[in-house]
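A.B. asks: Supplied in structure tokens, the structure appears directly below.
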Amino acid sequence: MSIKRVFKAQWLLVGIMMLGLLVSACNSTSTTPQSAGTTTTTGGPTFPTSALALRAPAFGQQEAPTVKVLASGDPTLIVQFPLVPSGIKQLFPNATALVTIVEGNPAISVYDTVIVDVQNMPPNQKFTVFFTELSAKPFGHAEYVGDVITRGDGSAESIYHLIAFGAFAADARQASVTSTDQTGEASGIQLEHVGMWFDGVKAARQVLNNPSIPGTPFDGGGGALHAGPQVMTDGQTLPVI
Numbered sequence: 009m010s011i012k013r014v015f016k017a018q019w020l021l022v023g024i025m026m027l028g029l030l031v032s033a034c035n036s037t038s039t040t041p042q043s044a045g046t047t048t049t050t051g052g053p054t055f056p057t058s059a060l061a062l063r064a065p066a067f068g069q070q071e072a073p074t075v076k077v078l079a080s081g082d083p084t085l086i087v088q089f090p091l092v093p094s095g096i097k098q099l100f101p102n103a104t105a106l107v108t109i110v111e112g113n114p115a116i117s118v119y120d121t122v123i124v125d126v127q128n129m130p131p132n133q134k135f136t137v138f139f140t141e142l143s144a145k146p147f148g149h150a151e152y153v154g155d156v157i158t159r160g161d162g163s164a165e166s167i168y169h170l171i172a173f174g175a176f177a178a179d180a181r182q183a184s185v186t187s188t189d190q191t192g193e194a195s196g197i198q199l200e201h202v203g204m205w206f207d208g209v210k211a212a213r214q215v216l217n218n219p220s221i222p223g224t225p226f227d228g229g230g231g232a233l234h235a236g237p238q239v240m241t242d243g244q245t246l247p248v249i
């Protein structure tokens, strides 16, 4: 047998082996019929083939008129509401902020997701976000949420993971204190408003061109009352969270 015929025979054998492997692989990934709306491969995950059913759930009975409930899949609750200028209104009247809160699925999560998106704010500044008892002075009880740092165009986005819809302040010395939240009577003082403050009073004095602005407690560390005034508020009497 010539060398050329030997090579041809070897290549034919390799081709037959490759074809056998391809047929075997196709058979191992054949689909298995599933219930309506889903499809899967043998031993693999199930993928939806139809659109998720959406609904806009009720959000208590006392929410502020600025609160919008977005359509979402059960059991998720998504709400949005704006913040408006307060302490910066005179110099930055076009400042805007949109707060989006996504309730965690109670079956798999213990926290909510809070998204703060701002535009036309003082540029290159750091601000603090707080949940508060009241939307305006004296603000009442408060809880630090996180920071927002603006870019040169005054825009910024921040995402936080914490309990939002059930946020409250408690004092063990007054165990009998209760208040009303979206579900009824609850322990402690409910924190149902959102505001933003200058991270530092020095920055606030420079931005607002007012050297007599007093400090506030709306930032931790750095000395007492070293934060600046409120810059944005939900501006509502009724709860937003």
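Residue numbers for the sequence shown, in the numbering used here: 9 to 249. Cβ atoms here follow ideal geometry from the backbone N, Cα and C, with glycine treated the same way. These numbers come from a predicted model, not from an experiment.
#1: If I measure Cβ to Cβ from Gly112 and keep anything under 8 Å in the same chain, skipping five residues before and after, which residues do I get?
#2: If the criterion is Cβ atoms closer than 9 Å, does the pair Val124 and Glu165 meet it?
#3: Please identify the residue among Ser58, Lys134 and Val107 whose C-alpha is closest to the C-alpha of Glu200.
#4: Using only the alpha-carbon positions, how far apart do Ala172 and Ile249 sit?
#5: Could you tell me if Thr250 is buried or exposed, where buried requires 16 or more neighbouring beta carbons within 10 angstroms of its beta carbon?
#6: What's the gap between the Cα of Gln88 and the Cα of Ala180?
#7: Note the first and the last residue of the continuous alpha helix (DSSP H) segment covering Val185.
#8: Please state if the CB of Phe138 and the CB of Trp205 are separated by a distance shorter than 9 Å.
#9: Using a Cβ-Cβ cut-off of 7 Å (strictly less than) and excluding sequence neighbours within five positions of Arg213, which residues of its own chain qualify?
#10: Buried or exposed: where does Pro237 fall if 16 or more other Cβ atoms within 10 Å of its Cβ makes it buried?
#11: Determine the extent of the alpha helix (DSSP H) in which Val209 is found, giving its start and end residues.
#12: CB-CB under 7 Å to Ser94, same chain, minus the five flanking residues each way: which ones, in chain order?
#13: Would the region 55 to 62 count as touching the region 225 to 237 if we require 3 or more Cβ pairs under 8 Å?
#14: Note down, one range per segment and in chain order, each beta strand (DSSP E) of at least 3 residues found wholly within the region 98 to 166.
C.D. replies: On the basis of the supplied data:
#1: These residues qualify, in order along the chain: Val118, Tyr119, Asp120 and Thr121.
#2: Contact flag set, yes.
#3: Checking every option, the nearest Cα to that of Glu200 belongs to Val107.
#4: Rounded to whole angstroms, Ala172 and Ile249 show a C-alpha spacing of 7 Å.
#5: Here the chain covers residues 9 to 249 and nothing more, so residue 250 does not appear.
#6: A straight line joining the alpha-carbon of Gln88 with that of Ala180 spans about 33 Å.
#7: Run containing Val185: none; DSSP gives neither H nor E here.
#8: Yes. Within cutoff.
#9: Result list for Arg213: Pro219 and Ile221, in chain order.
#10: Classification of Pro237: buried, given that the 10 Å Cβ count is 16 or more.
#11: In the DSSP assignment, Val209 falls within the unbroken alpha helix (DSSP H) covering Val209 to Val215.
#12: Within the same chain, Ser94 has close Cβ partners Gln238, Val239, Met240 and Thr241.
#13: No, because fewer than three Cβ pairs between the region 55 to 62 and the region 225 to 237 fall closer than 8 Å, the two stretches do not touch.
#14: Those beta strand (DSSP E) runs which fall completely within the region 98 to 166 and span 3+ residues are 104 to 110, 120 to 127, 134 to 140 and 150 to 157.
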